[in-house]
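Chains F and A are the protein sequences, given in the same order.
Numbered per full-length UniProt numbering, the first sequence spans residues 1 to 432.
Numbered per full-length UniProt numbering, the second sequence spans residues 1 to 432.
Here a beta-carbon is modelled for each residue, glycine too, at the ideal position from N, C-alpha and C.
Below: one structure, written as structure tokens.
2 protein chains.
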Amino acid sequence: MPTTITHLSVRDIRFPTSRSLDGSDAMNTAPDYSATYVVLHTDAPSALEGHGLTFTIGRGNEVCVAAVNSLASFVVGRTLEEISGDIGAFWHSITGDSQLRWLGPDKGVMHLATAAIVNAVWDLWAKSEGKPVWKLLADMSPEELVRCLDFRFVTDALTPEEALAILRRNARGKAAREQEMLEQGYPGYTTSAGWLGYSEEKMRRLAREGVAEGWTHFKQKVGGNIEEDMRRAAILREEIGWDRKLMMDANQVWEVDEAIVNMRRLAAFEPWWIEEPTNPDDILGHATIRERIAPIGMATGEHCHNRVMFKQLLQAKAIDFCQVDAARLGGLNEVLVVLLMAAKFGVPVCPHAGGVGLCEYVQNIALFDYIAVSASLENRVLEYVDHLHEHFLDPVVIRKGRYMPPQRPGYSIEMHAATLKEFEFPNGPAWA
Amino acid sequence: MPTTITHLSVRDIRFPTSRSLDGSDAMNTAPDYSATYVVLHTDAPSALEGHGLTFTIGRGNEVCVAAVNSLASFVVGRTLEEISGDIGAFWHSITGDSQLRWLGPDKGVMHLATAAIVNAVWDLWAKSEGKPVWKLLADMSPEELVRCLDFRFVTDALTPEEALAILRRNARGKAAREQEMLEQGYPGYTTSAGWLGYSEEKMRRLAREGVAEGWTHFKQKVGGNIEEDMRRAAILREEIGWDRKLMMDANQVWEVDEAIVNMRRLAAFEPWWIEEPTNPDDILGHATIRERIAPIGMATGEHCHNRVMFKQLLQAKAIDFCQVDAARLGGLNEVLVVLLMAAKFGVPVCPHAGGVGLCEYVQNIALFDYIAVSASLENRVLEYVDHLHEHFLDPVVIRKGRYMPPQRPGYSIEMHAATLKEFEFPNGPAWA
């Protein structure tokens with residue numbers, strides 16, 4: 001019996017994080033971490049559902065909700081078997097509508113909404129197979145995987161044949177790497193100490209706790225006052241020492257020239273990378289900054305809106321770390337294209353996480369990347385932020401600074417019913 | 001007495017153009033030209049209103065309407081005097097909200113919606129001054145103009161001082177160029193013959209009429225079947241001869257390598273430019289194609305979503321013609337920044353038009369560009385498409401292939417009340 005997607009529901013879920021300045025940085029001064037939360041309902045006797053969300057930071061989440069409703073017709077009424085039988089074609093259809101693509105293409109609100117739906121489809125598929133998403137992917141043959149992808153507009157950087165070759169080359173060691181991940185987990189790093197809105201004492205305490213918990217990589221928000229950035233970096237180095245890695249994140253606030261000047265000062269604290277030093281669309285700007293501040297690594301991607309932009313970041317030698325986001329790109333299909341391009345160009349993928357649900361999502365991506373695509377952990381760490389995990393049925397499990405692979409079927413993104421009720425905007429109890 | 005913007009209304013207006021394949025091209029196969037139509041209502045005794053629209057091609061226009069509603073609070077309750085007194089700061093506020101910018105920044109649905117509101121503000125301001133927008137701009141001093149602009153993220157390409165220098169250099173000849181425009185108009189080109197969905201006979205007839213009307217530049221849509229593109233180019237050359245210019249427009253359908261191969265074949269018809277040969281985000285791809293198909297010029301911009309992308313198209317030497325769009329960018333403020341960057345890099349601006357209302361908008365931009373910024377008509381032509389002008393109070397006036405400057409106060413974008421009623425989606429008579 002095929003499973004039909006009978007309807008889609010979408011909710012505007014917001015958490016009042018701005019009240020405690022969790023997640024505050026130089027650009028995003030007071031975010032209310034939010035989710036455009038999608039459920040695909042089916043006629044399966046088991047009440048099988050697909051859940052997916054796109055992450056926003058508050059105001060405007062209602063526009064993503066409207067966009068999801070405008071895209072619903074691409075899934076409702078279709079069967080899971082029809083979609084999973086050629087999920088590449090499905091992705092092409094939902095992103096390729098000749099009228100809707102005018103609103104992008106592949107960017108902004110429509111693409112964020114696409115991510116929520118596409119990821120819900122993957123959640124549905126993985127649940128129907130009884131596997132977490134990383135395992136569903138890892139169990140595919142190279143040929144099956146390549147059929148999931150849309151290479152349109154990136155064939156000058158990666159052909160389907162090249163993608164196949166990468167996957168085939170690493171097919172042999174897959175089982176061993178999977179076992180290694182199940183036993184040891186995937187290396188993470190923590191951003192929890194470094195928020196710009198936190199007092200210096202709070203930062204110092206959190207850094208100390210992080211060291212005690214076994215973290216080896218710490219990220220600091222910069223881009224406020226440069227003297228203050230320096231002072232906070234000094235505090236962090238005092239707490240974490242010089243053997244652990246310190247990363248910095250400017251969240252897009254600097255001009256190109258300003259980024260160079262400021263990073264040359266912050267170089268004294270030996271940052272491993274600078275993340276989002278300037279506008280996320282500025283591929284050439286990132287390339288220029290990278291060249292001028294070497295050996296500090298360049299990291300970006302959480303606002304890189306599609307595979308064409310990542311292609312250019314790689315072609316222009318603009319990045320040392322590829323920070324793919326699970327819901328900024330148009331869902332998992334497009335993420336997979338980026339993983340393969342990064343592998344071809346030899347750039348490590350360190351997914352963006354935090355927010356709400358992003359850690360849950362990207363552990364699947366990082367695990368699959370290691371098991372089947374890059375086959376390397378060198379210079380790879382997965383972001384961790386310790387907020388809002390209690391709202392998920394299958395929250396991330398961290399052990400000594402490493403992500404332990406999720407076991408429950410799906411994309412680990414399903415929220416508790418009580419959370420959805422409590423935090424629905426604007427009428428849930430948390431907002432009323 | 002200051003004028004307060006008391007409320008904003010927004011309507012979903014759609015024209016069923018897909019029924020006749022007007023506007024059909026290789027990517028946009030069956031567009032329903034649409035407008036997210038904004039009115040700013042005021043308490044002025046004269047019932048002064050500001051009108052603005054953003055152009056879409058049908059489905060999804062309702063998402064832009066939702067986005068306008070989410071942005072309304074940036075104008076409602078403010079006075080015109082407060083906004084026009086520092087319209088640069090106003091633009092910064094409406095594009096810089098720390099939560100909303102997560103949905104972009106400066107791209108997709110939110111930026112399209114921003115354009116409708118920002119352009120409505122300019123319409124309101126120009127009406128209050130009793131001038132068309134081009135004249136409002138042309139009468140500003142260099143200092144006043146630069147104060148309208150937001151240079152954030154482009155200072156590595158254009159500083160306020162450089163912008164001032166450009167404007168001051170050309171301040172002297174302004175009156176003479178304005179007079180020249182009033183007498184002779186701004187040179188245009190026609191796309192009306194070249195739609196992909198038109199039969200060869202219809203194309204031939206329209207080309208012949210175009211020649212008789214005095215047009216010297218014709219644009220053909222390409223990117224379907226290459227043999228058919230060749231045949232249609234041959235027909236157009238038969239009709240327009242080899243002294244008139246022929247431009248080609250692929251509307252983003254080709255891969256980078258495919259564009260090079262196809263344009264080398266189409267080179268036999270001596271195209272003056274190829275427009276949108278591939279994905280609009282692919283700055284490096286455009287640069288590569290341009291280098292490989294010289295001397296055919298490279299044109300793009302209607303889908304170039306912000307000033308940071310235009311900056312890079314200029315820095316990468318990717319374009320010969322800058323096809324700025326009046327509503328893809330975040331309204332007139334951002335357009336002005338692009339005009340000044342293009343002037344600095346010596347690249348002619350040939351705005352994108354057509355759709356609904358874009359010709360009405362961009363005549364203001366091209367006139368101002370000539371009078372105050374570029375001071376040149378060399379390699380500059382303004383797109384003209386002969387659809388839907390009857391819906392505007394102040395439709396464009398074309399004389400022998402040239403745009404005659406609008407005289408009525410405002411941005412020439414106000415539609416007839418009867419049109420707004422007839423074409424409102426989904427309940428207007430045209431759709432019911």
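Might you give, ordered along the chain, the residues of its own chain that have their beta carbon closer than 7 Å to the beta carbon of residue 497 of chain F, omitting 5 neighbours on each side? Outside the shown range of chain F (1 to 432) lies residue 497 of chain F, about which nothing can therefore be said.
DSSP bridge partner residues for Glu275 of chain A (one or two, in chain order): Paired residue(s): A:Asp249 and A:Ala299.
Can you check whether the C-beta of Arg290 of chain A is within less than 8 Å of a C-beta belonging to chain D? The structure shown contains no chain D; its protein chains are F and A.
Quick one: what's Phe218 of chain F bridged to in DSSP? Phe218 of chain F is bridged to F:Thr190 and F:Leu246.
Quick one, are the C-beta atoms of His111 of chain F and Gly330 of chain F less than 8 Å apart? Taking 8 Å as the Cβ cut-off, His111 of chain F and Gly330 of chain F qualify as a contacting pair.
Measuring alpha carbon to alpha carbon, tell me which residue in F:Arg402, F:Gly410, F:Val385 and F:Lys400 is nearest Asp394 of chain F. Residue F:Gly410 is the option with its Cα nearest to Asp394 of chain F.
Residue range of the beta strand (DSSP E) that includes Leu8 of chain A: Per DSSP, Leu8 of chain A belongs to the beta strand (DSSP E) from Ile5 to Arg14.
Compare the C-beta of Asn306 of chain F with all C-beta atoms of chain A and state if any pair is closer than 8 Å. For Asn306 of chain F, the nearest beta carbon of chain A is closer than 8 Å to its own beta carbon.
4 or more residues per run - each alpha helix (DSSP H) lying fully within the region 144-215 of chain A: Within the region 144-215 of chain A, the complete alpha helix (DSSP H) runs of at least 4 residues are 160-169, 174-184 and 200-213.
Is there a Cβ of chain A sitting closer than 8 Å to that of Pro31 of chain F, yes or no? Cβ-Cβ to chain A under 8 Å: yes for Pro31 of chain F.
Scan the region 44-58 of chain F for residues whose Cβ lies nearer than 7 Å to a Cβ of chain A and list them as they occur along the chain. Correct list: Thr56, Ile57 and Gly58.
For a cutoff of 8 Å on Cβ pairs, would you count His111 of chain A as touching chain F? Taking Cβ atoms only, chain F reaches closer than 8 Å to His111 of chain A, which makes this a yes.
Pull up the distance between the alpha-carbon of Glu239 of chain A and that of Arg204 of chain A, whole angstroms please. Rounded to the nearest whole angstrom, the CA to CA distance from Glu239 of chain A to Arg204 of chain A is 7 Å.
Could you tell me which chain F residues have their CB closer than 8 Å to the CB of Met27 of chain A, listed as they occur along the chain? Correct list: Ser98 and Arg101.
So if DSSP puts Tyr370 of chain F in a beta bridge, which residue, or which two residues, is it bridged to? Per DSSP, none; premise fails for Tyr370 of chain F.
What does the Cβ neighbour count give for Pro2 of chain A, buried or exposed, with the cut at 16 atoms within 10 Å? Of the residues assessed, Pro2 of chain A falls on the exposed side of the cut-off, its CB having fewer than 16 other CB atoms within 10 angstroms.
Residues that Asn279 of chain F contacts on chain A, provided the C-beta gap is smaller than 7 Å: Per Cβ cutoff of 7 Å: Phe153 and Val308.
Rank F:Pro295, F:Phe15 and F:His305 by C-alpha distance to the C-alpha of Asp282 of chain A and give the top, closest one. When each option's Cα is compared against that of Asp282 of chain A, the closest is F:His305.
Following the continuous alpha helix (DSSP H) through Phe55 of chain F, name the residue where it begins and the one where it ends. Element bounds for Phe55 of chain F: not the alpha helix (DSSP H) but the beta strand (DSSP E), Glu49 to Thr56.
Check distances from the C-beta atoms of the region 67-81 of chain A to those of chain F and list, in chain order, the residues that come in under 7 Å. Of all residues in the region 67-81 of chain A, Ala67 and Ser70 have a Cβ within less than 7 Å of some Cβ in chain F.
Residues of chain F with CB closer than 7 Å to the CB of Val256 of chain A, please, in chain order. Those within 7 Å of Val256 of chain A in chain F are Asp156.
Pull the bridge partners of Ser34 of chain A from the DSSP assignment, please. Ser34 of chain A pairs with A:Arg14 and A:Thr56.
Helix or strand or just coil, what does DSSP make of Tyr384 of chain F? In the structure shown, Tyr384 of chain F sits in a strand (DSSP, three-state: E or B).
Three-state class that DSSP yields for Arg399 of chain F in the structure shown: Arg399 of chain F: strand per DSSP, three-state reduction.
For Gly188 of chain F, I'd like the list of residues in its chain whose CB is within less than 8 Å of its CB, leaving aside the five on either flank, ordered along the chain. Trp215, His217, Val381, Leu382, Glu383, Tyr384, Ile398, Gly401, Arg402 and Tyr403.
Can you pull out the residues from the region 383-398 of chain A whose beta carbon lies closer than 7 Å to at least one beta carbon of chain F? Flagged: no residues at all.
What residues from chain A crowd round Ala316 of chain F, counting only those whose CB sits closer than 8 Å? Below the 8 Å Cβ cutoff, chain A contributes Leu284 as neighbours of Ala316 of chain F, in chain order.
Any idea what DSSP makes of Val338 of chain A, helix, strand or coil? DSSP places Val338 of chain A within a helical segment (H, G or I) once states are collapsed to three.
So Glu291 of chain F is in the alpha helix (DSSP H); what residue range does that whole segment cover? For Glu291 of chain F, the enclosing alpha helix (DSSP H) starts and ends at Ile283 to Ile293.
Whole-number beta carbon distance between Ile274 of chain A and Ile293 of chain A, since they are thought to touch under 8 Å: Here Ile293 of chain A really is in contact with Ile274 of chain A; their C-beta atoms are around 7 Å apart, less than 8 Å.
Under the three-state DSSP convention, the category Gly85 of chain F falls into: DSSP places Gly85 of chain F in the helix class (H, G or I) of the three-state scheme.
Pro295 of chain F: buried (16+ other C-beta within 10 angstroms of its C-beta) or exposed? Its Cβ having fewer than 16 others within 10 Å, Pro295 of chain F is exposed.
Counting only Cβ-Cβ distances shorter than 8 Å, please list the residues of the region 347-372 of chain F near chain A, keeping chain order. If you check each beta-carbon in the region 347-372 of chain F against every beta-carbon of chain A, none falls closer than 8 Å.
According to DSSP, simplified to helix, strand and coil, what is Leu136 of chain F? If DSSP states are grouped into helix, strand and coil, Leu136 of chain F belongs with the helices.
With three or more beta-carbon pairs closer than 8 Å as the criterion, would you say the region 223-241 of chain F touches the region 33-53 of chain F? Cβ pair count under 8 Å is below three, so no.
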